[in-house]
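To keep things clear, I will list the structure first and then write my remarks on it.
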Amino acid sequence: MTTFILFTIFSAFRRPSMSALVQDSATDENKKLLYRMDYWLINLSLAIGALLGGLFYSEHKSWLFFASAMVALILSFLYMKYIEETNSFIRKKEHNNVFVDLFIAYQTVVKDKRFVLMVIGTMFIATVELMTSTYVAVRLHKNFETIYLFNFEITGVRMFTIINLVNTITVVSFSLLIGKWLDKFKVSRILGFGLLMYAIGYAVLTSANMWWLIIIAILIATFGEMIFAPIKSAEMLTLIPKEKRGTYNTFSSFTFSGAQLLSNGSLILGTYLNPYAMSVVVFVIVTIGATLMMNSLFKMKKINIT
1 MTTFILFTIF SAFRRPSMSA LVQDSATDEN KKLLYRMDYW LINLSLAIGA
51 LLGGLFYSEH KSWLFFASAM VALILSFLYM KYIEETNSFI RKKEHNNVFV
101 DLFIAYQTVV KDKRFVLMVI GTMFIATVEL MTSTYVAVRL HKNFETIYLF
151 NFEITGVRMF TIINLVNTIT VVSFSLLIGK WLDKFKVSRI LGFGLLMYAI
201 GYAVLTSANM WWLIIIAILI ATFGEMIFAP IKSAEMLTLI PKEKRGTYNT
251 FSSFTFSGAQ LLSNGSLILG TYLNPYAMSV VVFVIVTIGA TLMMNSLFKM
301 KKINIT
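Shown next as structure tokens:
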């Protein structure tokens, strides 16, 4: 438990810094490609990690953890030795108490309504994907009727595994190709279309019990995510002042924590609502998130925050 807590704390320090480094390397010309590659590599690493975990966790757990620790140490060494910050902004100490400086820094971010709306919108949208591991997983375990395909038994638990497998394989196989094809279209329309596919896919997945409908739903949701996720990351960069990227990215990291909290709440809500009502809830959540995101990026005017 102590190790997990320490890992969580240090990961919280690492993510904003890594995001800022990526943003420092982005330009108007390469940001779309940069975030497509970032999205693809993240999903590829998750696929490799899941594969290695599935192969070695039961019989070679200690060696698996040791190898993971060694990889983390090697990466830390490579980061310190070879990565140079292209932009260096060091915040001056303005008060004797560092916590006062932190409070003022975050207060500045909160005043940026465009960015705050973007973070809240992203949180709502991420909530729906995380609900797959909470509400949808529990529902399939309880309600999915076991079927046999080519003498292979597919239970609710295995159906949930298949959902994750289809999602990962689709992203790794098609995300770069789709991103290149989408460059010819208007950003706002493509972003809206991707979010609509995402909403429809996850709304259907939330209540579907037929295996073929589940597969179709996760494919629609995954293609929608592949369309909007890299675009969202690239466009979000325009909302972040260069000299305040660390603070903004730290504030943005609360997106995942908030989404986890809301997705866990779906288990409680699911005890009162039937699956079809939950599908409506999912669609509404994505619609709210998409509206906030689109308004933040394309409707509201950027203001100077001091």
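FYI, in full-length UniProt numbering the residues of the sequence shown are 1 to 306.
Here a beta-carbon is modelled for each residue, glycine too, at the ideal position from N, C-alpha and C.
Remember, predicted model here, so these are calculated numbers, not experimental data.
Item                                                                                                                         : Value
Residue interval of the alpha helix (DSSP H) (run including Leu44)                                                           : Lys31 to Phe56
Pairwise C-alpha distance: Asn249 and Ile90                                                                                  : Per-residue confidence for Ile90 stands at a pLDDT of 49, beneath the threshold of 50, marking its modelled position as unreliable; no derived number is given.
4-residue-minimum alpha helix (DSSP H) runs that sit fully inside the region 111 to 183, ordered along the chain             : 113 to 130, 135 to 143 and 156 to 182
First through last residue of the alpha helix (DSSP H) which encompasses Phe193                                              : Val187 to Ser207
CA nearest to the CA of Phe193, picked from Gly54, Ile214, Leu46 and Thr291                                                  : Thr291
For Ser253, three-class secondary structure by DSSP                                                                          : coil
Same chain, Cβ closer than 7 Å to Thr255, five either side skipped, listed in chain order                                    : Val119, Thr122, Met123 and Ala126
Bounding residues of the alpha helix (DSSP H) (the contiguous stretch that carries Tyr276)                                   : Pro275 to Met294
Selected residue, minimal CA-CA separation from Thr155, among Val166, Asn164, Leu165 and Asn143                              : Asn143
N-terminal and C-terminal residue of the alpha helix (DSSP H) that Ile227 is part of                                         : Trp211 to Met236
Tyr198 beta carbon less than 8 Å from that of Leu228                                                                         : First, the amino acid is wrong: residue 228 is Phe here, not Leu. It is a contact, given that the beta carbons lie within the stated cut-off.
Selection from Trp181, Trp211 and Ser175 that minimises the alpha carbon distance to Tyr148                                  : Trp211
Local Cβ density within 10 Å of Lys81, reported as buried at 16 or more and exposed below that                               : exposed
Close Cβ partners of Met159 (< 7 Å) along its chain, the five nearest in sequence each way excluded                          : Leu140, Phe144, Trp211 and Ile214
Outcome for Gly53 when other beta-carbon atoms lying within 10 angstroms are tallied against a minimum of 16                 : exposed
C-beta atoms of residue 317 and Ile74 nearer than 8 Å                                                                        : For residue 317 there is no data in the structure shown, the boundaries of the chain being 1 and 306.
Residue environment, Leu55, which counts as buried when at least 16 other CB atoms sit within 10 Å                           : exposed
Beta-carbon contacts of Ala137 that lie in its chain and below 6 Å, excluding the five residues immediately before and after : Phe160
Backbone secondary structure at Ile74 - three-state DSSP                                                                     : helix
Local Cβ density within 10 Å of Val98, reported as buried at 16 or more and exposed below that                               : With a pLDDT of 49 at Val98, under the threshold of 50, the modelled position of that residue is not reliable, and no figure is offered here.
For Phe115, the nearest candidate out of Ser173, Glu235, Ala72 and Pro275 (CA to CA)                                         : Glu235
Buried/exposed call for Leu182, threshold 16 Cβ in 10 Å                                                                      : buried
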